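Here the sequence shown stands for residues -24 to -1, 1 to 349, numbered as in mature numbering (1 follows the signal peptide of the UniProt record, and there is no 0).
The beta-carbon is built from N, C-alpha and C at its ideal position, and this holds for glycine as well.
Keep in mind it's a predicted model, so treat the numbers as computed, not measured.
Have a look at the structure below, then the notes.
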Amino acid sequence: MTSFRQLASRLLITALAATGLANTARGDITIGQTAGFTGTVAASVKEATQGARMYFDAVNAGGGINGQKITLVSLDDKFDAKLAAANAKTLIDQGVISLFLLRGTPLTQAVMPLLTEYKVPLVAPSTGAMLLHKPVHPWLFNVRATYQREAERAIEHLSLIGVDRIAIVQVDDSFGDDAVQGAHAGLAKVNKTAVAHEKYDRARPDFGPIVPRLLAQQPQAVLFIGSGTAIVQGMKAVRAAGSKAQLVTLSNNATAGFVKDLGDIAYGVIVSQVFPYERSIAKPIIKEALEAARKAGAELTPTVVEGYVSAKVLVEGLKRAGPKPTRDGLRKALEGMSHYDVGGIELGYGPTDHTGLEYVDLSIVDQAGKFRR
């Protein structure tokens, strides 16, 4: 007959399994992620997470870290900041050693107070907001470059190819307000100002009244700052109104799902990138990621690369944290990674610098729906 203790143990394991944390009972290293697996940014979230899991699976297949397997527990926050904070608290309470690959500036902001309160690292938030870089947050470690640098680089490119009339459409939130500073900096460098600057509501995007005002200024290019389906709607509205303006957006939309949703208007859209070209096998990290993608039967997109590189940085920190890594040990190990070669690109952290990579490039969607550089 089953004893009360045995029954209680089984119930505990069942409860842990329901939350995806059963492996912690076996001493595995558990990483927590809250992100919008449903909602407007689902395509990019799923691709980035796929890339991360590809790397974690490879590490686990090789014996893990000091014999410990990595378990990634992912919770859906539906791209809602309040739910992201609640999910993060749940993961912290369950004992994850680190939070990882959160998606979105407002959502990351909502989680940041928990990092300080519970002294838990957040590695590789999938956002390039400057507020995550300056001032340096002791428990937050960026991997990718800032949105401001991306927007600035895009404006510089447009100016170089002779585009003078540039319009900006941004989401009306902290992400949009941050990234647009880079766009204005780029315009100032070439002695220009935006011919139009419009904002849309993140929760209820409506481009009906925006597009006529925008196109009345006859822009040659429109820089869209925002995420996922809202940017698709905006770009389609511009094309439906008859404009031939060059369409530009940032790396948070560098996904196969974004291109698919754009459909016939995807060709020629410029998208900034914060990692090396996913077909450039001259970069060891890309060659490595391509092999992992082949094994997983996956397509290597820019966002899959982001997830893969982010996971590699986290694993390196865990390796350096010793045989029994702790949250504080991981933080100290990451801060000691002053010159880490990720695979042809160098990342550096220090007590006063948690930026990580500063790589920025541009791509264009070709006729086959692929990103080309």
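Distance CB(residue i)-CB(residue j) smaller than 8 Å
i      : j      : result
Tyr123 : Ala143 : no
Ala197 : Val224 : yes
Thr66  : Thr81  : no
Ser227 : Ser256 : no
Leu108 : Ala159 : no
Ala64  : Leu75  : yes
Thr319 : Glu264 : Just to set this straight, residue 319 is Gly in the shown sequence, not Thr. Contact flag set, yes.
Ala161 : Glu128 : yes
Ala130 : Leu338 : yes
Leu276 : Glu254 : yes
Pro195 : Ala221 : yes
Gln146 : Gly210 : no
Ala155 : Leu77  : no
Trp115 : Arg307 : yes
Pro252 : Ile261 : yes
Ile68  : Leu90  : yes
Arg303 : Val35  : no
Val187 : Ala217 : yes
Lys54  : Gly15  : yes
Gly324 : Tyr316 : yes
Burial state of residue i, where buried means 16 or more other Cβ atoms lie within 10 Å
i           : result
His330      : buried
Asp149      : buried
Thr(-11)    : Residue confidence is low: Thr(-11) scores 37 on pLDDT, short of 50, so the model does not pin down where it sits. No coordinate-derived value is stated.
Asp177      : exposed
Arg120      : buried
Arg348      : exposed
Gly138      : exposed
Gly233      : buried
Ala28       : buried
Asn118      : buried
Ser314      : exposed
Thr25       : buried
Asp56       : buried
Arg(-15)    : Note on Arg(-15): pLDDT 41, under 50, position unreliable in the model; the coordinate value appears next. The residue is exposed, with fewer than 16 neighbouring Cβ atoms inside 10 Å.
Gln343      : exposed
Glu282      : buried
Arg2        : At Arg2, the pLDDT of 46 sits below 50, so the modelled position is not reliable; the number obtained from the coordinates is stated separately. Under this definition Arg2 is an exposed residue.
Arg189      : exposed
Arg(-20)    : For Arg(-20), the pLDDT reaches just 42, beneath the cut-off of 50, and the residue's location in the model is therefore unreliable, although a value from the coordinates is still provided. It is exposed - the Cβ of Arg(-20) has fewer than 16 other Cβ atoms within 10 Å.
Val336      : buried
Ser(-22)    : A caution first: Ser(-22) carries a pLDDT of 45, below 50, which makes its placement in the model unreliable, though a value can still be read off. Ser(-22) comes out exposed.
residue 383 : Because the chain in this structure spans residues -24 to 349, residue 383 falls outside the shown range and cannot be described.
Glu93       : exposed
Gly71       : exposed
Ala258      : exposed
Gly244      : exposed
Pro301      : buried
Supposed contact pair residue j and residue i - C-beta distance, whole angstroms, cut 8 Å
i      : j      : result
Val99  : Gly298 : So it is not a contact: roughly 17 Å between Cβ atoms.
Val17  : Gly204 : 4 Å
Val291 : Tyr31  : 7 Å
Ser219 : Lys168 : The pair is not a contact, with the Cβ atoms about 19 Å apart (cut-off 8 Å).
Val166 : Gln193 : Not really, about 18 Å apart at Cβ, beyond 8 Å.
Ile46  : Asp4   : 7 Å
Val49  : Thr6   : 6 Å
Ala242 : Gly345 : 6 Å
Ile321 : Leu333 : 6 Å
Those residues which DSSP pairs with residue i across a bridge
i           : result
Ile246      : Val224, Ile340
Gln44       : Ile41
Ala172      : Ala143
Glu322      : Asp317
Thr6        : Thr47
Asp329      : Gly326
residue 421 : The question about residue 421 has no answer here: the residues shown for the chain are numbered -24 through 349.
Arg348      : Ile340
Ala11       : Asp52
Below-8 Å beta-carbon distance, residue i vs any chain B residue
i      : result
Ala274 : In summary, chain B is missing from the structure at hand, where a single protein chain is found.
Considering only residues of the region 45 to 113, which uninterrupted beta strand (DSSP E) runs meet the minimum length of 3 residues and lie entirely inside it, listed in chain order?
46 to 52, 74 to 76
At 3 residues or longer, what runs of the beta strand (DSSP E) sit wholly inside the region 176 to 208?
197 to 201
At 4 residues or longer, what runs of the alpha helix (DSSP H) sit wholly inside the region 228 to 286?
232 to 238, 260 to 272
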